[in-house]
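Engineer:
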Amino acid sequence: MAALSEEVLLVVKRVRQRKQDGTLYLMAERIAWGPEGKDRFTVSHLYADIRCQKISPDGKAKIQLQLVLHTGESTNLHFSNESTALKDRDAAKDLLQQLLPKFKKRANKELEEKNRMLQEDPVLFQLYKDLVVCQVISAEEFWANRLSINNVDHSLSNNKQEVGISAAFLADIRPQTDGCNGLRYNLTSDIIESIFRTYPAVKQKYGENVPHNMTEKEFWTRFFQSHYFHRDRINTGLQDIFSECAKQDEKGLKSMVFQGVKNPMVDLLSLEDKSLDEGYGSNSTAPSTSNTNKTVKENSNSAIIKRFNHHSTMVLAAGSGKKACETSSTDGNSRDSDFFQPPIKKVKIQDVIEYEDLHRENGKKTVALNLKKSDRYSHGPVPLLPQQYTTSQDIVNSVNCIKQEIASYKPCLTQVMSSSTASCAIAALSPGGVLMQALAQQAINQMVPNDVQGELKHLYTAAGELLRHFWSCFPVNTLFLEEKVVKMRSNLERFQMTKLRPFQEKVQRQYLSTNVIGRGPVWVRW
Amino acid sequence: MKLNIEGLLVYFPYDYIYPEQYSYMLELKRTLDAKGHGVLEMPSGTGKTISLLSLIVAYQREYPLEVTKLIYCSRTVPEIEKVVEELRKLMEFYSKETGEKNNILALALSSRKNLCVHPEILHANIIVYSYHYLLDPKIADLVSKELSKKSVVVFDEAHNIDNVCIDSMSVNITRRTLDRSQANVETLQNTILKIKETDAAKLKEEYRRLVEGLKEANVARETDIYMSNPVLPDEILQEAVPGSIRTAEHFVGFMKRFLEYLKARLRIHHVVQESAPQFLKDIFEKVCIDRKPLRFCAERLRSLLRTLEIADIADFSAITLISNFATLVSTYSKGFTIIIEPFEDRTPTIANPVLHFSCMDPSIAIKPVFERFQSVIITSGTLSPLDIYPRILDFRPVTVASFTMTLARTCLCPLVVGRGNDQVAMTSKFETREDFAVIRNYGNLLLEMSAIVPDGIVAFFTSYTYMENIVASWYEQGILENVQRNKLIFIETPDAAETSMALEKYQEACENGRGAILLSVARGKVSEGIDFVHHFGRAVIMFGVPYVYTQSRILKARLEYLRDQFQIRENDFLTFDAMRHAAQCVGRAIRGKTDYGLMIFADKRYARADKRGKLPRWIQEHLTDGSLNLTIDETVQLSKHFLRQMAQPFRQEDQLGLSLLTLEQLQSEDMLQKIAQIAHQA
């Protein structure tokens, strides 16, 4: 049995499922449960199929673990060993917690990858429609040796693309009352990751404190109790471990503000040509921004506003995969290459004053080069051995040399082809000649309407695809391959029956007079 | 292309032209022909600047003796830089078309850092700088007073020009100012003593000059070399500096006495408001300071600083401020008010006395400009109602026109949301603005819009405090959480650097497809200076009507003045002021014909004719009866429909012949008639 070869990671006895005692096995790729006294599993789920796990709250009499599948179904497991139930459940939970994300990512990635391939490649999509949607072969067979090839090509670009963070992830942690004047927050690994990515300071705290100073649960409890989580915090108590985070955030925000903006068109500081001296003007009584004469409420309000700006900035940065406070020096304006770039400001201004519709559209739109280091582009690589380079004098000399050669060139007429061979070649290349037989096919091109041609093309590629599967089974040296060859043969036959025959008949009906049909079977016969 | 504007050959550096640009140039030319002033409104994004530059440069080339200079004033540094770029483009086109080397000298002053350009200014054909260089007498005297009479002055983005005028003539004096002035006076005293020991002749020479009076300046003004300076009134030019302040010591003593008086005035416990004559009467009774020497203060101080060869005048800004105040208060009996407040209204326990000497009449500062230059053009995207500017700036224009944006597709969609889905009226009216239902409905509107509008949404509030309160209650109600599901939220803060960063991040979020909302404030820096083109602003929501804070005493005094002097009713002015700011805010989203955006006015009061009627014509004409007093649901429906339509491809061919013309199309008789017809609907 396949299960024998599987690695069993955890075995938990006395686990009830549907009021039946049994044993729970956690294996490398799946979780399974079998009733006591029987050597088969009545429950078995691949980790990739599991959407999430849920546990019963602490203090409940029944200690349970629920597995929710992507299909929406769920399985409840009741840990019934009185003395160790809680420990058993937590062990299972922890292990699942580690395993599930791995499989989840893989499953999602595969789906995404398939989707992307279908979208990008219309031929493949057509093939998919012809073969899978029409049930000639199954989806797994279709993807079986496709994905692996392409995985390699795209692994690079795949690694780069990170999934962004929802701006409202904190809102998704809806607190619920637990019935006795307390609040319960539901955290998933996604949310935790979002918190870490958005607030690196919290991640740092987590690393510092868990597990040596406090348990994970305690950490998050404190997090939700802290003023840090409640954004209108002002008087963060000193005992709060997150008060430092708030300070760090503040610092980060300040340094970002200090760095200023790269786009001069949004720089409000340089907006005005400050001409009014101090003491002039009628608006000098505008509310002062000093904190001294602000009420507590106003302070908390402005704290909220700051927090929103900070939160959005961090979420944005986490999504784009770079640190918020990091100035990107890859935008062509790295410090040392400033000199070679048109100032960014000028470019922006020219952008703004441009009325594109007032211009006559002149052909192609050019794509701007995205240069990481513009100075290297404008100067080229620095030569290691400068003396190997041709000087301009050399070039001029050689050009002159070539000119002279050409000027004094005399064709050597004795060594040309004989007239008979020449006329032979011309005949072969003229319409009707040996080398021009393709022309006949051109006639067919014109005779047959495009949709029939298109259909033929689809059939051709579909057949090719099936044959590829067929031939990939050889040499047939395993049992599995033997089965596959048989299956592919039947697939091919099915394809002939359901697809090719009808097409052939259709073409015969419509183009009886021409010799198209004659060619048809040639294609189809194998 | 080369255009023929009523016989004038105009080089226009584009292959096509908008019909309204043609009309604009036509009106502009007529204004220049008549040597008069003009008020022209044309939406931003229709190429106003290039039209202005093309026509005036062409005019200058054609009639070099009639118009010698173009003085182009704009508001912000980026605006000025944009003008310079457009000018450069025009010049390139000229040299390409005519083949001759460009012989026009243009000069841009965009910061006080580069102020030492005095001789160049006189030779430049085109000068581009900020309003202040012409309107602020302190700077105008240094930079602009010798500019030729035959100049054309353009004030672009002029919808706030009255406030610039008022700011440049208003003075605020705090205890700190007085303390610093005190220190200045002492420094002056010491320097005078020192000079007396070493170089007494210098002071004598100054005394002699002062006896002679300010004759030089007078001659210059009479012979029309200089633009007049509102701080240097005509009368004092003909007189000698009064004996009581002629010697340096006497003048310093005089200033000391004046400072003591001001200090005493700041020692109060209740608010005092008085007119300039009342102030003069009081100062005469208390410390025997006469009106006449006060009037010479500014000039006398300048002369002293020159004589003492003081290099860094910035150190003496406090005493200069006081001397300017002395001159202004004694020169103008009308148009100014003095308000002394012992503390800020918000913090009645903290003493912080301020003397506001506030100008209420914008025409005082701009008067020399209208008098000196033959053509002054006031232009902006939002100048409605057009007749109010000539009234408050006190001038008689020869042309007044508003041009709309001709559109091949209706790319703007103004909607007035008056009610929530619960039928509760939506308004920022003072009595109901704290109302829970109103705040919730505003939140729901934002939430619904965040779900249907792609990319960027900009929302404006009537004031910063109001925004703070609303954001706090939205946060408590969990509305912002839900908004965050759709878009990132960025918020303007009073700190400009912080806001700049938020703005940049906002744009980044719009750029990478995440979408974002910017919460901002009308009358703030963002609403006045930042454009939200294309996906940076697919919808603008104006929460409430942005009335100015009406409880301020300065504003009340100004309103009274407007009523008494210009017969402008308080409410009319306040509404005008609110609507021009609302128009500025919503106009931020549409910057051109290829752009599109929703303009959502979230206050039922916008539906009223007196508010609606004060919006610029190019917005008003798209505001139909069907788009007034909507509920949130209706707004969402209309918006969805609009956005879906706008998302369809829009090509140049769709515009051609309608809102975009080739030279041939422009030359056809039919088209010219059509253009004239559109232009005259105003």
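Protein chains in written order, with my numbering: chain A, 81 to 606; chain B, 1265 to 1946.
A virtual CB, placed ideally from N, CA and C, is assigned to each residue, including glycine.
(1) Give me the subset of the region 425–437 of chain A whose CB atoms are less than 8 Å from a CB atom of chain B, sorted by chain position.
(2) Taking the beta strand (DSSP E) that residue 1683 of chain B belongs to, which residues open and close that run?
(3) Can you give, in chain order, each stretch of the alpha helix (DSSP H) that sits fully within the region 1420–1477 of chain B and has at least 4 residues?
(4) On the criterion of 16 or more Cβ atoms from any shown chain inside 10 Å, does residue 110 of chain A qualify as buried, or is it exposed?
(5) Have a look at B/1799, B/1651, B/1811 and flag the residue whose alpha-carbon is nearest the alpha-carbon of residue 1870 of chain B.
(6) Please state whether DSSP places residue 1412 of chain B in a helix, a strand or coil.
(7) Tell me residue 1362 of chain B's beta-bridge partners as DSSP assigns them.
(8) Less than 6 Å between C-beta atoms, sequence neighbours within five positions excluded: which residues of the same chain meet that for residue 1853 of chain B?
(9) Do you know how far the Cα of residue 1440 of chain B is from the Cα of residue 378 of chain A?
(10) Any beta carbon from chain B within less than 8 Å of residue 396 of chain A's own beta carbon?
(11) Using a cut-off of 8 Å between C-beta atoms, extract the partners of residue 208 of chain A located in chain B.
(12) Do you know offhand how far residue 424 of chain A's Cα is from residue 1421 of chain B's?
(13) By how many angstroms is the C-alpha of residue 1593 of chain B removed from the C-alpha of residue 1606 of chain B?
(14) Using a Cβ-Cβ cutoff of 8 Å, what residues of the region 1835–1860 of chain B are near chain A? List them in chain order.
(15) Grab the span of the alpha helix (DSSP H) containing residue 1835 of chain B for me, first residue to last.
(16) With DSSP run on the structure shown, which of helix, strand or coil describes residue 1552 of chain B?
(17) Between the region 1384–1393 of chain B and the region 1298–1314 of chain B, do at least 3 Cβ pairs fall closer than 8 Å?
(18) Taking 8 Å as the CB-CB cut-off, is residue 1814 of chain B touching chain A?
(19) Strictly under 8 Å for the Cβ-Cβ distance: is residue 90 of chain A near chain B by that measure?
(20) I need the DSSP call for residue 1301 of chain B, collapsed to helix, strand or coil.
(21) Measuring CB to CB, does residue 304 of chain A end up less than 8 Å from residue 289 of chain A?
(22) Tell me which residues share the same chain as residue 287 of chain A and place their Cβ nearer than 6 Å to its Cβ, disregarding the 5 neighbours each side in the sequence.
(23) What does residue 275 of chain A reach in chain B if we use C-beta pairs closer than 9 Å?
(24) Do the CB positions of residue 1271 of chain B and residue 1639 of chain B come within less than 8 Å of each other?
(25) So which of B/1610, B/1848, B/1620 has the shortest CA-CA distance to residue 1601 of chain B?
(26) For residue 329 of chain A, collect the residues of the same chain with a Cβ closer than 8 Å to its Cβ; drop the 5 residues on either side in sequence, then sort them by chain order.
(27) Please report the straight-line C-alpha distance between residue 1754 of chain B and residue 1692 of chain B, rounded to a whole angstrom.
(28) Quick one: which chain B residues come within Cβ less than 7 Å of residue 190 of chain A?
(29) Quick one: measure Cβ to Cβ for residue 1689 of chain B and residue 1868 of chain B, integer angstroms, because I've assumed they're closer than 8 Å.
(30) Can you give the Cα-Cα distance for residue 123 of chain A and residue 108 of chain A, rounded to whole angstroms?
(31) Can you tell me whether residue 148 of chain A sits near the ligand GTP, meaning its C-beta is under 7 Å from at least one heavy atom of the ligand?
(32) Could you tell me whether any Cβ in chain A is nearer than 8 Å to the Cβ of residue 1436 of chain B?
(33) As an exercise, report each continuous alpha helix (DSSP H) stretch of at least 4 residues that is fully enclosed by the region 1697–1775 of chain B, in chain order.
(34) Which residue from A/542, A/140, A/325 puts its Cα closest to that of residue 576 of chain A?
(35) First and last residue of the beta strand (DSSP E) that includes residue 1656 of chain B?
(36) With 8 Å set as the bound, which would you pick, yes or no: does the beta-carbon of residue 330 of chain A sit closer than that to a beta-carbon of chain B?
Structural biologist: According to the data block:
(1) Correct list: 425, 426, 429, 430, 432, 433, 435, 436, 437.
(2) Counting from 1 along the second sequence, the entry for residue 1683 of chain B is found at position 419. It spans 1676–1683 - the beta strand (DSSP E) in which residue 1683 of chain B sits, taken as one unbroken run.
(3) 1425–1433, 1439–1462, 1464–1476, all fully within the region 1420–1477 of chain B.
(4) Counting from 1 along the first sequence, the entry for residue 110 of chain A is found at position 30. Counting other Cβ atoms within 10 Å of its Cβ, residue 110 of chain A reaches 16 or more and is therefore classed as buried.
(5) Counted from its first residue, the second sequence places residue 1870 of chain B at position 606. Scanning B/1799, B/1651, B/1811 for the CA closest to the CA of residue 1870 of chain B turns up B/1811.
(6) As a first step, residue 1412 of chain B is located in the second sequence; it is residue number 148 there, counting from the start. In the three-state reduction of the DSSP assignment, residue 1412 of chain B falls in the coil class, being assigned neither a helical nor a strand state.
(7) Taking the second sequence and counting its residues from 1, one reaches residue 1362 of chain B at position 98. Paired residue(s): none; residue 1362 of chain B is not in a bridge.
(8) Counting from 1 along the second sequence, the entry for residue 1853 of chain B is found at position 589. Excluding sequence neighbours, residue 1853 of chain B sits near 1796, 1801, 1804, 1861.
(9) Mapped onto the first sequence, residue 378 of chain A falls at position 298. Mapped onto the second sequence, residue 1440 of chain B falls at position 176. One C-alpha to the other measures close to 27 Å.
(10) As a position in the first sequence, residue 396 of chain A is number 316, starting the count at 1. True, the Cβ-Cβ gap to chain B drops below 8 Å.
(11) Counted from its first residue, the first sequence places residue 208 of chain A at position 128. Within 8 Å Cβ-Cβ: nothing; residue 208 of chain A doesn't reach chain B, min ~28 Å.
(12) As a first step, residue 424 of chain A must be located in the first sequence, where it is residue number 344. As a first step, residue 1421 of chain B must be located in the second sequence, where it is residue number 157. If you draw a straight line from the Cα of residue 424 of chain A to the Cα of residue 1421 of chain B, it is about 25 Å long.
(13) Along the second sequence, one-based indexing puts residue 1606 of chain B at 342. Along the second sequence, one-based indexing puts residue 1593 of chain B at 329. Residue 1606 of chain B and residue 1593 of chain B have their C-alpha atoms roughly 20 Å apart.
(14) With the criterion set as a beta carbon lying under 8 Å from some beta carbon of chain A, the members of the region 1835–1860 of chain B are 1856, 1857, 1858, in sequence order.
(15) Taking the first residue of the second sequence as position 1, residue 1835 of chain B is located at position 571. Taken as a continuous stretch (DSSP letters only), the alpha helix (DSSP H) holding residue 1835 of chain B covers 1834–1851.
(16) Locating residue 1552 of chain B in the second sequence gives position 288, counting from the first residue. Shown here, residue 1552 of chain B sits in coil according to DSSP, grouped into three states, outside any helix or strand.
(17) Short answer: they don't touch.
(18) The residue given as residue 1814 of chain B occupies position 550 in the second sequence. It does not; no Cβ of chain A falls within 8 Å.
(19) On the first sequence, position 10 is the one that residue 90 of chain A refers to. Judged by the 8 Å Cβ criterion, residue 90 of chain A is not in contact with chain B.
(20) Here residue 1301 of chain B refers to the residue found at position 37 of the second sequence. Judged by DSSP in its simplified three-state form, residue 1301 of chain B adopts strand.
(21) Along the first sequence, one-based indexing puts residue 304 of chain A at 224. Along the first sequence, one-based indexing puts residue 289 of chain A at 209. In this structure, residue 289 of chain A does not lie closer than 8 Å to residue 304 of chain A by Cβ.
(22) Here residue 287 of chain A refers to the residue found at position 207 of the first sequence. Once the five neighbours on either side are set aside, residue 287 of chain A has no close Cβ partner at all.
(23) For the purposes of this step, residue 275 of chain A is taken as the residue at position 195 of the first sequence. Residues of chain B passing the Cβ test: none, with the nearest at roughly 15 Å.
(24) Within the second sequence, residue 1271 of chain B is the residue found at index 7, counting from 1. Within the second sequence, residue 1639 of chain B is the residue found at index 375, counting from 1. No Cβ-Cβ contact shorter than 8 Å links residue 1271 of chain B with residue 1639 of chain B.
(25) Numbered from its first residue, the second sequence carries residue 1601 of chain B at position 337. Nearest to residue 1601 of chain B by C-alpha distance, out of B/1610, B/1848, B/1620, is B/1620.
(26) Locating residue 329 of chain A in the first sequence gives position 249, counting from the first residue. Residues of the same chain with a CB within less than 8 Å of the CB of residue 329 of chain A, apart from the 5 flanking positions on each side, are 279, 281, 390 in chain order.
(27) Position 490 of the second sequence, counted from the start, is the residue given in the question as residue 1754 of chain B. Position 428 of the second sequence, counted from the start, is the residue given in the question as residue 1692 of chain B. Rounded to the nearest angstrom, the two C-alpha atoms are 22 Å apart.
(28) Indexing the first sequence from 1 puts residue 190 of chain A at position 110. Correct list: empty, because the minimum Cβ distance to chain B is about 24 Å.
(29) Working through the second sequence from its first residue, we reach residue 1689 of chain B at position 425. Working through the second sequence from its first residue, we reach residue 1868 of chain B at position 604. Confirmed, about 5 Å.
(30) Residue 123 of chain A sits at position 43 when you count from the first residue of the first sequence. Residue 108 of chain A sits at position 28 when you count from the first residue of the first sequence. Their Cα atoms are separated by approximately 16 Å.
(31) Although the ligand GTP was asked about, the structure shown includes no ligands whatsoever.
(32) As a position in the second sequence, residue 1436 of chain B is number 172, starting the count at 1. For residue 1436 of chain B, at least one C-beta of chain A is nearer than 8 Å to its own C-beta.
(33) As far as the region 1697–1775 of chain B is concerned, its whole alpha helix (DSSP H) runs of at least 4 residues are 1700–1716, 1728–1741, 1743–1750, 1760–1775.
(34) By 1-based counting over the first sequence, the position of residue 576 of chain A is 496. The option with the nearest alpha carbon to residue 576 of chain A is A/542.
(35) On the second sequence, position 392 is the one that residue 1656 of chain B refers to. Here residue 1656 of chain B belongs to no beta strand (DSSP E); instead the alpha helix (DSSP H) covers 1652–1657.
(36) As a first step, residue 330 of chain A must be located in the first sequence, where it is residue number 250. No, residue 330 of chain A lies away from the interface with chain B (no Cβ there is under 8 Å from its Cβ).
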